[in-house]
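Scroll down for the structure; my scribbles are underneath it.
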Amino acid sequence: MSVYCPPVQEHENVIRASLRVIEGTHYQRADDPHADAEQQYGEEQLALAARALVEAVDRKPADEQPIGWSKDAAGGGV
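Residue numbers (UniProt numbering): 1 to 78.
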């Protein structure tokens, strides 16, 4: 078993999308008429990035996945 290393691009996309959501949640201007739409868009991008990361980890060989990670595990996976 080797040390788990996440798929780099997908991992960075999750971080980038998370920071966008945080920025919209904590630093949005009260007078911005598009703040709600930006927040919703950021949350959608985060969900898509998270799904892409899960799919990328699923594509890795079993010995390169995190301990306990199995899409075939009881309960529907991780």
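Glycine included, C-beta positions come from ideal geometry on N, C-alpha and C.
Can you give me the C-alpha to C-alpha distance between residue i and residue j, rounded to a whole angstrom?
{"i": "residue 10", "j": "residue 33", "result": "31 Å"}
{"i": "residue 19", "j": "residue 63", "result": "30 Å"}
{"i": "residue 42", "j": "residue 21", "result": "5 Å"}
{"i": "residue 24", "j": "residue 30", "result": "11 Å"}
{"i": "residue 55", "j": "residue 27", "result": "31 Å"}
{"i": "residue 52", "j": "residue 39", "result": "20 Å"}
{"i": "residue 15", "j": "residue 8", "result": "11 Å"}
Taking the beta carbon of residue i as the centre, do at least 16 other beta carbons fall within 10 Å, making it buried, or is it exposed?
{"i": "residue 68", "result": "exposed"}
{"i": "residue 46", "result": "buried"}
{"i": "residue 75", "result": "In this prediction, residue 75 scores a pLDDT of 49, lower than 50, which makes its location untrustworthy; no coordinate-derived value is stated."}
{"i": "residue 3", "result": "exposed"}
Hey, out of the options, whose CA is closest to residue i's CA?
{"i": "residue 17", "options": "44, 37 and 36", "result": "44"}
{"i": "residue 50", "options": "59, 25, 70 and 13", "result": "13"}
Could you confirm whether any beta carbon from chain B is found closer than 8 Å to the beta carbon of residue i?
{"i": "residue 42", "result": "This model lacks chain B altogether, as it is built from one protein chain only."}
Runs of alpha helix (DSSP H) lying entirely within the segment 17-43, each at least 4 residues, in chain order: none
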